[in-house]
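Student: Can you read through this structure? Questions will come right after.
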Amino acid sequence: MTTAEILKKVRRIEIKTRGLSNHIFAGEYHSTFKGRGMSFSEVREYTPGDDVKFIDWNVTARFSHPFVKVFEEERELIVMLLVDISSSSLFGTQQKSKRELITELGAVLSFSATTNNDKVGVIFFSDKVEKYIPPKKGKGHILRIIRELIALEPDHTGDTNVGAALEFLNNVIKKKTITFLMSDFVSKPYEHSLQLAARRHELVGINVYDKYDKELPSAGLVQVADAETGQMIWLDTDSKAARSGYAAAYNAKDKYCIQAFRKSGAALLQVRTDEDYVKVLQGYFKRK
Numbered sequence: 001m002t003t004a005e006i007l008k009k010v011r012r013i014e015i016k017t018r019g020l021s022n023h024i025f026a027g028e029y030h031s032t033f034k035g036r037g038m039s040f041s042e043v044r045e046y047t048p049g050d051d052v053k054f055i056d057w058n059v060t061a062r063f064s065h066p067f068v069k070v071f072e073e074e075r076e077l078i079v080m081l082l083v084d085i086s087s088s089s090l091f092g093t094q095q096k097s098k099r100e101l102i103t104e105l106g107a108v109l110s111f112s113a114t115t116n117n118d119k120v121g122v123i124f125f126s127d128k129v130e131k132y133i134p135p136k137k138g139k140g141h142i143l144r145i146i147r148e149l150i151a152l153e154p155d156h157t158g159d160t161n162v163g164a165a166l167e168f169l170n171n172v173i174k175k176k177t178i179t180f181l182m183s184d185f186v187s188k189p190y191e192h193s194l195q196l197a198a199r200r201h202e203l204v205g206i207n208v209y210d211k212y213d214k215e216l217p218s219a220g221l222v223q224v225a226d227a228e229t230g231q232m233i234w235l236d237t238d239s240k241a242a243r244s245g246y247a248a249a250y251n252a253k254d255k256y257c258i259q260a261f262r263k264s265g266a267a268l269l270q271v272r273t274d275e276d277y278v279k280v281l282q283g284y285f286k287r288k
């Protein structure tokens, strides 16, 4: 992909996702992810209805009439995106690939965070951590993230390692964060790392999948490649045994994922490549 093509895609995604974050998600994001507490802002004169426990008695004594302390919510948070860029994320048979869906989700969440003056950082991973972008604020920073979401390719091929990304998060970010882990979760076991990360951070998993991740389409005898390892095999897609085994493998992966998140206490969202992710995110924010 040329630089011009990348910039064109960045602009198109910016227009779409910035509009969603401004008009749909910004308020819900703000109410879902509260600040860390209340900080003192100013003192003003007491008005009927003010809580008397906030009266500033020193100022009141000085001016011989009541004044109250005003507090405001400490809003600044750190939002981390953990983004799976392994080869299996390139798969997609419906409206978009899993990687394209992750890119849009990442852009929407980034713009929602920056609208609320929060910092955003990203950890890209495959079978290892591929790239780390430290948390920062600003539109320029968000556009850099979107460019990387579109164009970054993994240096390594092999079984995806969600656990490595979670361990890296715990090592580099010491403060509590809001972390969105976006993957198809075709990965080495990660239950222990997920539990450790969920204790420190507010963690939300987003499982992206395609219709044909779940069921093998009937197409006769075809040569297929393992997206993670590149291994080629011939597969009879009309075989009942092959179709049953394919579905069983997906169901086992899905069951492990659901149980791992449930045990950790972290949230898990499911988004299919041909579904409206807006409704999924809105539903989560409202439930939260």
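When we follow the UniProt record's numbering, the leftmost residue of the sequence shown carries the number 1, and every step to the right adds one. Glycine included, each C-beta is placed from N, C-alpha and C at the ideal position.
#1: Cα-Cα, which of P66, I173 and L143 is closest to G106?
#2: Is it a yes or a no for the region 50 to 67 touching the region 118 to 132, going by three-plus beta-carbon pairs under 8 angstroms?
#3: How many whole angstroms separate the CB atoms of L81 and V122, which I take to be in contact at a CB cut-off of 8 angstroms?
#4: Judging by CA-CA distance, which residue of R199, S187, I15 and I150 is the nearest neighbour of D159?
#5: Does the count of Cβ pairs from the region 261 to 281 and the region 199 to 218 closer than 8 angstroms reach three?
#6: What are the start and end residues of the beta strand (DSSP E) that includes F54?
#7: Can you tell me which of S183, V222 and T157 puts its alpha carbon nearest to the alpha carbon of W234?
#8: Report all residues from its chain with a CB closer than 7 angstroms to the CB of K175; omit the five preceding and five following residues, and keep chain order.
#9: What are the boundary residues of the alpha helix (DSSP H) that residue 310 is part of?
#10: If you compare alpha carbons, which of G140, V43, N171 and S193 is closest to N161?
#11: Three or more C-beta pairs closer than 8 angstroms, one from the region 48 to 58 and one from the region 82 to 95: is that the case here?
#12: Consider the C-beta atom of V120 and the heavy atoms of the ligand SAH; say whether any pair is separated by less than 7 angstroms.
Tutor: Straight from the coordinates:
#1: L143
#2: no
#3: 5 angstroms
#4: Comparing alpha carbon positions, the residue from R199, S187, I15 and I150 closest to D159 is S187.
#5: yes
#6: Note, F54: premise wrong, no beta strand (DSSP E); not H, not E.
#7: V222
#8: I78
#9: A query on residue 310 cannot be resolved here, the shown segment of the chain reaching from 1 to 288 and no further.
#10: S193
#11: no
#12: The model on display carries no ligand, and the ligand SAH is accordingly not part of it.
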